[in-house]
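Presented below is the structure to which this report refers.
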Amino acid sequence: MADTLKQRPEFRNINALTDLRNYRLPPAGIVSILHRISGMVMFLLLPLVIWLFDTSVTSEVSFDTFRSAFLAGLGPIPGVLVKLVVLGLIWSYLHHFTAGVRHLLMDATHSVSKEQGKSSAVITLAVSLLLTAALGAKLFGLY
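So for the sequence shown, our numbering puts the first residue at 1031; every next one is plus one.
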């Protein structure tokens, strides 16, 4: 009787050291992981956001300090690095926002099919990257 039973597939956990390079995460999984990462980045950079806001609205002198942080840098930190950190903050906000809107739309329409999840994930990635590129071009003075 044991000979006639169909061989069942073996399921196992993936090994992070050997299998992770070959494992292909679907777009919805990538968006989910990036949603968590972007939330963590925004939380960790919250002191920078508070400082930027405080410096920009306190007075005209402090606003000049704010502008010089992007032009000349902050002490030993060059201005380009400050701009790159702010660009990362811009991306994290825009990605977190668009992924949140994606989740709200999925909850409101009860659409949880595999195809719709994949297409909305690709749209979320594209929108967040395009908006980040547009605001990054403004940040770096391209327009």
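Each residue gets a CB set at the ideal place from its N, CA and C atoms; glycine is no exception.
By DSSP, does Leu1047 sit in helix, in strand, or in coil?
The residue you call residue 1047 lines up with position 17 of the sequence shown. If DSSP states are grouped into helix, strand and coil, Leu1047 belongs with coil.
On the three-state DSSP scale, how would you describe Leu1104?
As a first step, residue 1104 is located in the sequence shown; it is residue number 74 there, counting from the start. If DSSP states are grouped into helix, strand and coil, Leu1104 belongs with the strands.
Continuous alpha helix (DSSP H) assignments of at least 4 residues falling wholly in the region 1075 to 1126
Counting only runs of 4 or more, we get 1076 to 1087 and 1090 to 1101.
Quick one, are the C-beta atoms of Ala1163 and Ile1060 less than 9 Å apart?
Mapped onto the sequence shown, residue 1163 falls at position 133. Mapped onto the sequence shown, residue 1060 falls at position 30. Contact flag unset, no.
What first and last residue would you give for the alpha helix (DSSP H) that runs through Val1157?
Taking the first residue of the sequence shown as 1, we reach residue 1157 at position 127. Segment Lys1144 to Leu1169, the alpha helix (DSSP H) holding Val1157.
Nearest to Leu1155 by alpha carbon, out of Gln1146, Gly1105 and Ala1129?
Position 125 of the sequence shown holds residue 1155. The residue from Gln1146, Gly1105 and Ala1129 with its alpha-carbon nearest to that of Leu1155 is Ala1129.
Report buried or exposed for Ala1102, applying the criterion of at least 16 other Cβ atoms within 10 angstroms of its Cβ.
To locate residue 1102, count along the sequence shown from 1; it is residue 72. Taking all protein chains in view, the Cβ of Ala1102 is surrounded by fewer than 16 other Cβ atoms within 10 Å, so the residue is classified as exposed.
Give a yes or no on contact between the region 1067 to 1079 and the region 1110 to 1122, applying the rule of three or more CB pairs nearer than 8 Å.
They touch, by the three-pair rule.
Let me know the secondary structure DSSP gives Pro1056 once reduced to three states.
Sequence index remark: in the sequence shown, residue 1056 carries index 26 (1-based). It is coil, neither helix nor strand.
Decide yes or no for the touch test of the region 1133 to 1151 against the region 1086 to 1103: beta carbon pairs closer than 8 Å, at least 3 of them.
They do not touch, by the three-pair rule.
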